[in-house]
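Here's the structure we're looking at; comments come further down.
In full-length UniProt numbering, the protein residues as written are 1 to 1540.
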């Protein structure tokens, strides 16, 4: 408990006012402090720590005593706020400029006239017309308090309204659900100002609502425009407040005191605090200080006063004294003053946080494990993680911690792991999180503090033998090192972390876990500290992919991906305006055109750092929107241009000189090629290229001091130092504040390292006639050097060098074209992939970096041979798997695709499906597809697939658009084709006028799908002709408007929806569609209702269907109520009859009112009085109450009936309560007692009522648990349904839930299983569940094993029972048993033996599950190995795929197969390898007389005792499969002894 930090005292006179006040804390975690018999509550508002207290009784003396106690306990309190409710004067001010105070407004004690803000008076001494006794002079608030009040007043005036509504909404979410209704704005219709009317004395002790003569009152409208308020938007008044020990209840006294004391508000506590303390009094107006007793407004008035006080504290700066010892305040200053949150662009300019687009997508493990992929993993975009992501898959930063549903379970994530490749923005993400938390209050509802820890600094400290021992060391060194009292601040922050009250509100961000992967579990103090950090309950961890295996479990795993296309456009527009304001629009247009005309660049531009480089280095002369001549811009060309521009910039910054002197921005433009400026920057080029290659070779991307020193030693002739690196654009250091020797450098993006590594390799590449050049490596490491040819032979199939080899071929073309043929010849030489796809992919990727013009005669034969093999392999894939994978890659030769489209009719659908998986299509492919689409001799399925493939292209040429348009104009065209073609047109970036008119004409098409597609397309182009929608028929209306999901995404379509048939029907009053609207279109109308014009809304709510709609909160509260209760006079005439003694008249009136819905509060209150009448009247009254949303007094009346002696009345009461949308908390005890009622219908309804609450108290949970044993099946079902929705499920209930697995009712068993699956079961529950594994009933065994499958850990004693189920008669039970066992790392021998027979099970799913489980074991017996090998020839492809994946990833099994002399096994292995290589990155080749198998994760080598046996088996199988790679196999085999 830290009392010293509280600087603001907040006094709430009443418990109700304290409830509202506590809801204003920024944190849900509130510190409770007990002192001297009082309980106080502490938390933060703005920059202030606020402590609250509530008076034990009313009056100024009690307030004064409380203030003194608080000052004694919290010695640093600087001022007090007295916040609560009060009575207001209706109007004040000079004639002609009167201000109106209405209920819910706020009055603040600011001095006016002769008084200082609070005036103390003795109400007992008042006599009308006589003298008034004033009691003492009271000082006004300090200048600091008044200055803040004036600032806030000016702030509100600037925005023309108070900023309280957001605070009010937030407050309601933070208080108990059952209390929220009280704090809602009761509405203008409940604000009645009585004029010269003394209310009946018999009602003085209780509210007089319903007994007042409303004809003597004024409503807000009749008081003039000054009294009108939008809902939930109170007005703030500043002036004197009268304070006394008695309640002011006289209209005459109020008016007299107003005139004499110049006051505008009355209260009972302020004077007691103001007398001895600096204080401001804030009062929400709940009545007019007259004889009208009205409690309806008290809660809301308390809320508005509290909301103003919070806003006031937001505006008040924290005093210097208060900030000195607050580590959280200093932490915020540290983040901003140390420039940690700066994001610097290549130009040196800072990037606005609003341009930091962070795209996070959920990592879906299930989809990954299934092996099904729609996009080839070999594509460039997949490797760079720049695929376009569906907007629905992106998780916004503010919603990161919101509840979501994953794997069919609801989850409130608190531990989040974010992975992303270098340069995609992980550290930028961390900066944005901290920035938005501080500047935008993001996540303030969840966290009071964010601690960002760049983990590389822990590594740096560890390398300097100064590892952190604990949190105190970490906090001191990271946050408070430069502060004079840093150690004390670090200890205070450490104590907060250790304090359970705060710990749950602290979020750690651990940035760069991959950089600490070697330190995990190392046993050092820093390692142990890292373990503590990783185990923190609220944490975000970032890491590069594959850099580390996750050491802890996380709630949510996300991946950071590149910009989305729209974000690319926004980024260019805003950053270019800052960089080149005079030409920003022209340059932005040119860059966008360039990107759209070069498909490869479209993907690369989504990498943030590359887009920044492109925009900064843009040169219209070297890069234009149409490309370089007729050549397509390649990835290498883009990087080459960026390199040239950045070297120019660096040459100037480094002070380089030519013959004319130091280089300038003007003179440097004379150098247009890299070789021209190389003489200036030879040393810098050398170190960049060498670091890149050596780092890539040794798998290093962060260059620490030791690595740099080794590199400098190799390049000693250039005399390079760290001073050079610090001035190069291509390298960055994340630790700018560290000394050089402690810094680590990395390239802007991994692709820049790969590019410069390729530059180094290309410099060393020499044609065959000039051998001898070597790749120099670090002398202190092995090997010290290697020839380029040898490096190529060893690494050409290594997935780590995929981008590298692309750059090598591209750079050879650009700078050393004479060396290019030799490079491709060496690619074609051994070693050669024995399977096929890996080598074709390598050639495709490399040729893709060489424009067609660069393929000379000496390269043409290799290129043509590749094209032929690509075609053969694609047809082979289709024959083998009935799918095509290779041609999904964008690098696949287009000429081959076009040829296959024209000639391979049998494979046409597979080709089109493959094209549909591509990221983009080139123009020559588009031309072929448009031609195919127009060929009506093709079937509908083929043509539809063709149209779907064209949707990938959103910039179709005019001839293609004309072709599509002609199809749409064809009346005989199939509607399925039309629908997809319309979608394609609608997705174009731009459409000519005739294209738009074509879409307009299709709004009247007979097919609803065509109409819908046309509508969406037009909305996308911001065009939707009103007359087209107005002519819709009822049939069109029903079919078009039911597609409400589309309306959620398109604002224009929502608006258009009510320019069409529905508004027409409303205007005519034609409601024949009402039933269908209610049944089919509730969601749609809910969404679109806010788009009604005002007069349409008012008209609509007079209709039956609109009354139904008016219950939604989207319609403004005052407007809704004023319309629905427009005939209030008629209803009140009914109510006067309700007081008639004639029971028949009462019954008649009740029957008449039963036809009305949403009755006013006063009417419903009348029915409360009838609850004490005869039984038949009770029945009718209850029916009325059942059909309306009830006010507080009516709910209290219903609650009292829950204890009625008459069973039937109890039933009616609980029925009426069950019908309420919002349930009062005070009714819970009585409802709980009904769980034991003798009437089963009452027990059933009580369970239903409780089932609507998701946070029940303990006695309710116990009552529901007892119903799990009820004799009535329906009651058991309702009880378990009510328990299932609880946020926290009681553990003691689990045994009873387990017993329900035996229940005769299937729904009960299902719900019991759901509950058990969603909870981590304790030991006794697991034991009970385990016993059911041997139950005679098959269904019970199934539910038991299904529940165990959902548990994270399986107890050892459950293993025998699970193992026994491997032999169960039921196939689903056998499969689940295998899956449960698969979660165990090391199974016992009997479990393994039990799984082996399942490898031969009749059911394929069981064989597959058993194989997956066995594949996870560290060691397997021989029969298990043989069983897995046998699955390589399984009849089911999915089983074969799973077995292949297991076998190929197991060193033990592969070590058994490869040296085998059993040719049938080797043939099965070859088949598995070939099939795997089609979908995954996999190669198999001979290297140094050993068989090497290469996957992205691992390279493995196997000795071959008998090479001829292996090659004979492989060749035999390849021949039988008719593999196109057979010639390669035979050629390789010819170099080894092979028996024919």
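All C-beta atoms, glycine included, are put in the ideal place defined by N, C-alpha and C.
Identify every residue that forms a DSSP beta bridge with residue i.
i	result
residue 265	88 and 241
residue 449	506
residue 416	540 and 556
residue 50	8 and 43
Please tell me whether residue i and residue j are closer than 7 Å, where the distance is taken between their beta carbons.
i	j	result
residue 452	residue 424	no
residue 831	residue 1417	no
residue 283	residue 46	no
residue 1476	residue 1444	yes
residue 1363	residue 1382	no
residue 849	residue 636	yes
residue 963	residue 998	no
residue 538	residue 513	no
residue 48	residue 7	yes
residue 13	residue 55	yes
residue 885	residue 891	no
Taking its Cβ as the centre, do 16 or more other Cβ atoms sit within 10 Å of residue i, making it buried, or is it exposed?
i	result
residue 75	exposed
residue 289	buried
residue 723	exposed
residue 821	buried
residue 1535	exposed
residue 11	buried
residue 263	buried
residue 1419	exposed
residue 1380	buried
residue 515	buried
residue 27	buried
residue 835	buried
residue 662	exposed
residue 969	exposed
residue 1273	exposed
residue 1532	buried
Residues in its own chain within less than 7 Å of residue i by CB, not counting five upstream and five downstream?
i	result
residue 353	432 and 435
residue 494	471, 472 and 475
residue 234	104, 105, 106, 162, 164 and 304
residue 152	311, 312 and 315
Return the chain-ordered list of same chain residues with a C-beta closer than 6 Å to the C-beta of residue i, the five sequence neighbours on each side being excluded.
i	result
residue 764	773, 775 and 788
residue 1482	1476 and 1495
Does any residue of chain D have a CB that is nearer than 7 Å to the CB of residue i?
i	result
residue 330	Absence of chain D from the displayed structure is noted, only one protein chain being present.
Leaving out five residues on either side along the sequence, give the residues of the same chain with a beta carbon under 8 Å from the beta carbon of residue i.
i	result
residue 146	110, 111 and 140
Whether or not the stretch 950-957 and the stretch 970-990 are in contact is what I'm after, with contact meaning three or more pairs of Cβ atoms, one per stretch, closer than 8 Å; do they touch?
Enough Cβ pairs lie closer than 8 Å, so yes.
Under 8 Å, with one C-beta from each stretch per pair, do the stretch 177-197 and the stretch 106-117 reach the 3-pair mark?
No: fewer than three Cβ pairs fall under 8 Å.
If you pair each beta-carbon of the stretch 668-680 with each one of the stretch 703-715, do three or more pairs fall below 8 Å?
No contact exists between the stretch 668-680 and the stretch 703-715.
Determine contact between the stretch 1448-1456 and the stretch 788-801, defined as no fewer than three beta-carbon pairs at a distance below 8 Å.
Result no; under three Cβ-Cβ pairs closer than 8 Å.
Quick check: the stretch 30-44 against the stretch 260-274, are there 3 or more CB pairs under 8 Å?
In this structure the stretch 30-44 does not lie against the stretch 260-274, because fewer than three pairs of beta carbons, one per stretch, are closer than 8 Å.
Inter-stretch contact at 8 Å, needing at least 3 Cβ pairs: the stretch 29-36 / the stretch 294-301:
Result no; under three Cβ-Cβ pairs closer than 8 Å.
Do three or more CB pairs link the stretch 1235-1248 to the stretch 1268-1288 at distances below 8 Å?
As far as the Cβ criterion goes, the stretch 1235-1248 touches the stretch 1268-1288, which means the pair count is three or higher.
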